[in-house]
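Novice: Numbering (the UniProt record's numbering), first residue to last: 1 to 141.
C-beta atoms are modelled at their ideal positions from N, C-alpha and C, and glycine is treated no differently.
Predicted model only: the values in this text are computed from it and were never measured.
Okay, handing you the structure first.
Below is the structure:
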């Protein structure tokens with residue numbers, strides 16, 4: 001499987017919010033980075049299990065937002081281990097109609113058939129607001 005094919009399969013899992021299925025594509029020692037985390041501070045999570053736990057918590061905190069589909073634009077790069085993704089996501093927020101929003105740009109490093117680094121450039125404000133409305137506080141704690 002090529003890195004682009006792996007990323008396609010990885011992103012297909014996102015609407016299910018199944019953190020275990022998502023992180024099954026990750027190496028044991030992978031890292032997940034949010035360069036613009038909550039409050040603007042960068043966040044780095046190391047290790048597949050820690051990434052799974054953090055995503056499960058974050059996705060649970062935003063469970064009031066329905067994720068219907070991911071519409072990624074996936075770009076191979078000159079580096080065969082690096083894939084860049086522009087994501088648009090179809091969501092329904094509480095009290096709102098279904099809409100398609102641009103959610104993030106991802107830089108994903110794939111080595112030996114596994115994700116070794118997932119860098120998620122997103123605006124954390126919408127997720128933090130959804131978590132606060134749901135009474136969960138910060139997405140990351």
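Give me the Cα-Cα distance between residue 137 and residue 106, rounded to the nearest whole angstrom.
Specialist: Here residue 137 is taken as the residue at index 137 of the chain shown, counted from 1. Here residue 106 is taken as the residue at index 106 of the chain shown, counted from 1. Residue placement at residue 137 cannot be trusted, given a pLDDT of 49 that sits under 50; what the coordinates show is reported in the next sentence. Going from the Cα of residue 137 to the Cα of residue 106 covers about 25 Å.
Novice: How many angstroms separate the CA atom of residue 23 from the CA atom of residue 48?
Specialist: As a first step, residue 23 is located in the chain shown; it is residue number 23 there, counting from the start. As a first step, residue 48 is located in the chain shown; it is residue number 48 there, counting from the start. Each residue's Cα considered, the two are about 6 Å apart.
Novice: Starting from residue 3, trace the beta strand (DSSP E) in both directions and tell me its first and last residue.
Specialist: Position 3 of the chain shown, counted from the first residue, corresponds to residue 3. First-last for residue 3: 3-13, but that is the alpha helix (DSSP H), not the beta strand (DSSP E).
Novice: Taking the alpha-carbon of residue 76 as reference, which of 29, 110, 37, 32 has the nearest alpha-carbon?
Specialist: In the chain shown, counting from the first residue as 1, residue 76 sits at position 76. Closest by alpha carbon: 110.
Novice: Kindly confirm or deny that the region 3-23 and the region 66-76 touch, where touching means at least three C-beta pairs closer than 8 Å.
Specialist: The region 3-23 makes contact with the region 66-76: 3 or more CB pairs, one atom from each, lie closer than 8 Å.
Novice: Between 12, 94, 37, which has its C-alpha nearest residue 25's C-alpha?
Specialist: Residue numbering aside, residue 25 sits at position 25 when the chain shown is read from its first letter. Looking at the Cα atoms, 12 is the closest of the given residues.
Novice: Let's see if you can read the secondary structure: which residues bound the alpha helix (DSSP H) around residue 56?
Specialist: Position 56 of the chain shown holds residue 56. First-last of the alpha helix (DSSP H) with residue 56: 48-61.
Novice: Which residues mark the beginning and the end of the alpha helix (DSSP H) in which residue 99 is found?
Specialist: The residue given as residue 99 occupies position 99 in the chain shown. Element bounds for residue 99: not the alpha helix (DSSP H) but the beta strand (DSSP E), 99-111.
Novice: Can you tell me where the alpha helix (DSSP H) holding residue 20 begins and where it ends?
Specialist: Your numbering for residue 20 matches position 20 in the chain shown. 19-23 is the span of the alpha helix (DSSP H), which, as asked, contains residue 20.
Novice: Mind checking who residue 72 pairs with in its DSSP beta bridge?
Specialist: For the purposes of this step, residue 72 is identified with residue 72 of the chain shown, where counting begins at 1. Answer by DSSP bridge pairing, in chain order: 87.
Novice: Could you give the residue range of the beta strand (DSSP E) that holds residue 93?
Specialist: Reading the chain shown from its first residue, position 93 is the one you call residue 93. Where residue 93 is concerned, there is no enclosing beta strand (DSSP E), given that its DSSP letter is neither H nor E.
Novice: Taking 8 Å as the threshold, find out whether the region 111-120 comes into contact with the region 25-36 through three or more Cβ pairs.
Specialist: Judged by pairs of C-beta atoms under 8 Å, the region 111-120 touches the region 25-36, as three or more such pairs exist.
Novice: With a 10 Å radius around its C-beta and 16 neighbouring C-beta atoms as the bar for buried, classify residue 63 as buried or exposed.
Specialist: Your numbering for residue 63 matches position 63 in the chain shown. That one is exposed.
Novice: I need the straight-line Cα distance from residue 16 to residue 58, nearest angstrom please.
Specialist: By one-based count along the chain shown, residue 16 stands at place 16. By one-based count along the chain shown, residue 58 stands at place 58. The straight-line gap from Cα to Cα measures roughly 13 Å.
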